[in-house]
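All remarks here apply to the structure that follows.
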Amino acid sequence: MIERKFKRLVISASTPIAKTGNGPAVGGKVNNLLLLGNGTENGKDDSKRYLMKGIRGWINHAMIAVAKEQGVEVCHTSSKTETQSGVNLLPTGLHARGKCLETEECIQHKLMGSISKPSKLKFEPVIIISTASKGKIEDNNTQKMHIATERRNSLVHKTKIAIQDFGERYFSGKFTIKIEFLEELTKEELAFLLKGILYAPEIGLGAAVNNGSGKVNIHSVALQEVTRSRGFNKQGKVVEEEKIRNLWKEMEEGMKAWPKANT
Amino acid sequence: MAESKHLRLIGKIITPIVTNKPFFYMRGCKVAITKHPEENERGYFPYPRRTHYGKLIKGDRRAPTLRKCYKGFVVVMFIPDYPGGQEQTEKKLKWFLNLEGLGAHQNEGMGKIHWLERKECMRKKKLPKKRKFHYLKGLGSYSEPILIAIKALLLHDFVKTEKHISKIYQEVDIKNELIKEACKNHHNKEYKGNNWLIPIIRKYDGLAAFITRKIPRKMTARYDYFNGELDFKELVKEIELNQYSTHELYNYIYNSKTLQRIPEAMNYSNNNLRKHLLLAVNLFINDFKKGLILVKDNEIRKVSIPAKEEESKKFLSKSKVLKRIYPSKKADSRIRNSDQVTDCSGGKPPEKKQKEWSLKRDN
């Protein structure tokens, strides 16, 4: 038997409509959500599993926005400072990613890391499957959500020539995000992360935020201590167990630890 | 088939593992990402399904964010006879069992694994890998009808037909009238002449196109003009000079770098004209070596094989193939005496006895 103890944050949220990924996919057949294969035994089209992309980036941007509001300088998303033609890419109040490691490491870099230092957070994959799928879902990690495609066609006046012809995958419903701590977080770091999560709905998830999609409601956030054990039974099959303990007090204390002026 | 006993840890991939190759080593153990957790009949793990992970840029996943990733199962093989024995294997087994994932981008949710079971297996003996198809570096010696057919296949895309113009934009002046007629009419469905080359060009041109046109990829320019301009008129001159000898023409196309830059079709730019012509010729020669083509009355005919025979058909041995290409003089004379020819022999048939020849299929 092998045991591993770690802490994690479990966030339950819901969205009326969201399009994660990087914009539309030309042709409509290409999915902007990452296709992972079939999730049920019947193996039909309804049972396709998708990976919800861009959650780590979403929280990262939220944390930057929180820090900016409080007047704290943190890392930008990129280590690039200017273009080849000399146009400045760095917004005010931010420094290039990983530059703070040479002098005084910023709080955002401590959590998210960069190419020179690994991150303390591990985002578990959010795998979704359509609610229309029938049959038993093989994997415990998959979550059922409404998944559909928005077709966007427009033709030249009085002709059949297409100006645009593509489809965007979108999803809606309840989902949970799990963030695993690879190292022990300080109270300040935990507070910064929690505030970033609470600020995230203001930014919006995925694409077309200004067009009505990407609105997220966060219902609950829980800090948990997990003891995961794994071993073999007599037939050689792997048996897995999880013991969970909620740490409400620690989370409450953590919320007050950042920014320092409040304490 | 069984060789040595060893321990395996099998897991199912939940999110694709981001790696460059599906087989690698970790802590002295071989890790294989496979389609199924067991070897196939030939003793190899089936290659896993490959996808791409990265940002979308104008609808495509492109470099530098593009990464290869694999789906399926993970099999960790613990090599049995390494120093340390069983204690070391158990330590390593625990280390692997403690892993939540493999590969890059694990903090973003990629490469997650669900471990299923441990197994003690007998390793299967691997059969030698199948030989890949390759283009002949030089043509061998063949009878004249075969050489004419090869020449026709090499020249068929350099003239204007009903379907397309010359693929090098300038028409080649073919001196041989038979080949010229065949090349010009191989796309003409209403052709009612008696040219025996047309069905051969139709078959092998179509087959070569069918094999290479798997993935469509459109090309906007006629050729890669940014690597320098091409002089098509000079190309035509060189082809016209080489057209008198099949061997020279084949060698010219084999070594041509200009034909390599011209696509065979604008919608399938992965394939080039050089590859297409060489593939058509090589498929034709392969069929001839297998005995699917015969020479009759100085013309080439396809051999019709009944469906039952085709199932039980076996490839000819190397010696038989060599006999086909280089027939012995004794055999030739024996055939002539008995007025029977077994198949298309490499030598040129004598002009006087040409009418007396009759054909019979070998085997």
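One line per chain: the protein sequences are A and B, in this order. Position 213, counted from 1, in the first sequence is what the working numbering calls 213; the numbers after and before it change by one each time, with no gaps. Position 259, counted from 1, in the second sequence is what the working numbering calls 259; the numbers after and before it change by one each time, with no gaps. Even for Gly, the Cβ is constructed at its ideal location relative to N, Cα and C.
- Taking the alpha-carbon positions, what's the residue 246 of chain B to residue 41 of chain B distance? 43 Å
- Interface residues of chain B facing residue 119 of chain A [CB-CB closer than 7 Å]: Residues of chain B passing the Cβ test: 107.
- Task: Apply the 10 Å Cβ neighbour rule to residue 277 of chain B and answer buried if 16 or more other Cβ atoms are within range, or exposed otherwise.
- Result: buried
- Once you ignore the five residues that flank residue 149 of chain B on each side, which residues in its own chain have a CB closer than 7 Å to its CB? 197, 200, 284 and 300
- Proximal residues of chain A, C-beta to C-beta of residue 222 of chain B below 9 Å: What residue 222 of chain B touches in chain A: nothing, since even the nearest Cβ is about 24 Å away.
- For the segment 5-21 of chain B against the segment 106-120 of chain B, are there 3 or more C-beta pairs whose distance is under 8 Å? yes
- Message: Can you pull the chain B neighbours of residue 2 of chain A, defined as C-beta to C-beta under 7 Å?
- Response: 94, 97 and 98
- Task: Could you confirm whether any beta carbon from chain D is found closer than 8 Å to the beta carbon of residue 116 of chain B?
- Result: Considering every chain present, this structure includes no chain D. Its protein chains are A and B.
- Task: Return the chain-ordered ranges of every beta strand (DSSP E) run that is complete within the segment 109-169 of chain B and spans a minimum of 3 residues.
- Result: 113-124
- Query: List, in order along the chain, the chain B residues whose C-beta lies closer than 7 Å to that of residue 123 of chain A?
  - Reply: Chain B residues near residue 123 of chain A: 107, 108 and 109.
- Query: Just how far apart, CA to CA, sit residue 86 of chain A and residue 92 of chain A?
  - Reply: So the two alpha carbons sit approximately 16 Å from each other.
- Taking 8 Å as the threshold, find out whether the segment 245-255 of chain A comes into contact with the segment 209-228 of chain A through three or more Cβ pairs. Enough Cβ pairs lie closer than 8 Å, so yes.
- Tell me where the beta strand (DSSP E) around residue 68 of chain B begins and ends. 67-71
- Task: Please decide whether residue 14 of chain B counts as near chain A, where near means a Cβ-Cβ distance under 8 Å.
- Result: yes
- Query: Taking residue 421 of chain B as the reference, which of B:232, B:182 and B:218 has the closest Cα?
  - Reply: No answer is possible for residue 421 of chain B: the residues shown for chain B start at 1 and end at 363.
- Is residue 23 of chain A helix, strand or coil by DSSP? Residue placement at residue 23 of chain A is poorly supported in this model, since its pLDDT is 49, which falls under 50; the coordinates still yield a value, given next. Here residue 23 of chain A sits in coil by DSSP.
- Could you give the C-beta distance for residue 285 of chain A and residue 90 of chain A, rounded to a whole number, given that I count them as a contact under 8 Å? One cannot answer for residue 285 of chain A here, as it falls past the ends of chain A, which runs 1 to 263.
- Mind checking the segment 24-46 of chain B against chain A and listing, in chain order, the residues whose C-beta falls within less than 8 Å of any C-beta there? none
- residue 53 of chain B versus chain A: which residues are under 8 Å apart at the beta carbon? 34
- Going along chain B, which residues have a C-beta under 9 Å from residue 214 of chain A? Per Cβ cutoff of 9 Å: no residues; residue 214 of chain A is ~17 Å from chain B at best.
- Task: Pick out whichever of B:103, B:68 and B:225 has its Cα sitting closest to the Cα of residue 31 of chain B.
- Result: Nearest of B:103, B:68 and B:225 to residue 31 of chain B, Cα basis: B:103.
- Would you tell me roughly how many angstroms separate the C-alpha atoms of residue 87 of chain B and residue 130 of chain B, rounded to the nearest one? 39 Å
- Item | Pair within 8 Å by beta-carbon distance, residue 110 of chain B and residue 69 of chain B | yes
- Item | 8 Å Cβ cutoff, residue 71 of chain B in contact with chain A | yes
- Message: Give me, in chain order, the residues of the same chain whose beta-carbon lies closer than 6 Å to that of residue 178 of chain A; leave out the 5 immediate sequence neighbours on both sides.
- Response: 8, 10 and 124
- Message: At the level of alpha carbons, what is the spacing between residue 262 of chain B and residue 165 of chain B?
- Response: Their Cα atoms are separated by approximately 14 Å.
- Task: Rank A:72, A:51 and A:80 by C-alpha distance to the C-alpha of residue 99 of chain A and give the top, closest one.
- Result: A:80
- Task: Name the one or two DSSP bridge partners that residue 37 of chain A has.
- Result: A:49
- Quick one, which of A:47, A:258 and A:257 has its alpha-carbon nearest residue 147 of chain A's? A:47
- Secondary structure at residue 238 of chain A, three-state DSSP: helix, strand or coil? Residue 238 of chain A carries a strand assignment under DSSP once its states are collapsed to helix, strand and coil.
- Message: Does residue 337 of chain B come out as helix, strand or coil in the three-state DSSP assignment?
- Response: With a pLDDT of 45 at residue 337 of chain B, under the threshold of 50, the predicted position of this residue should be treated as unreliable, though the coordinate-derived value follows. Secondary structure of residue 337 of chain B (DSSP, three-state): helix.
- Task: Measure the CB-CB distance between residue 73 of chain B and residue 13 of chain B and report whether it falls below 8 Å.
- Result: yes
- Query: Near residue 188 of chain A, which residues of its chain fall below 8 Å by C-beta distance, leaving aside the five closest residues on each side in sequence?
  - Reply: Within the same chain, residue 188 of chain A has close Cβ partners 107, 257, 258 and 260.
- Within chain A, the residues that residue 112 of chain B reaches when beta carbons sit closer than 7 Å: 125
- Message: For residue 16 of chain A, report the span of its alpha helix (DSSP H) as first-last.
- Response: Residue 16 of chain A -> not in any alpha helix (DSSP H); beta strand (DSSP E) instead, spanning 2-18.
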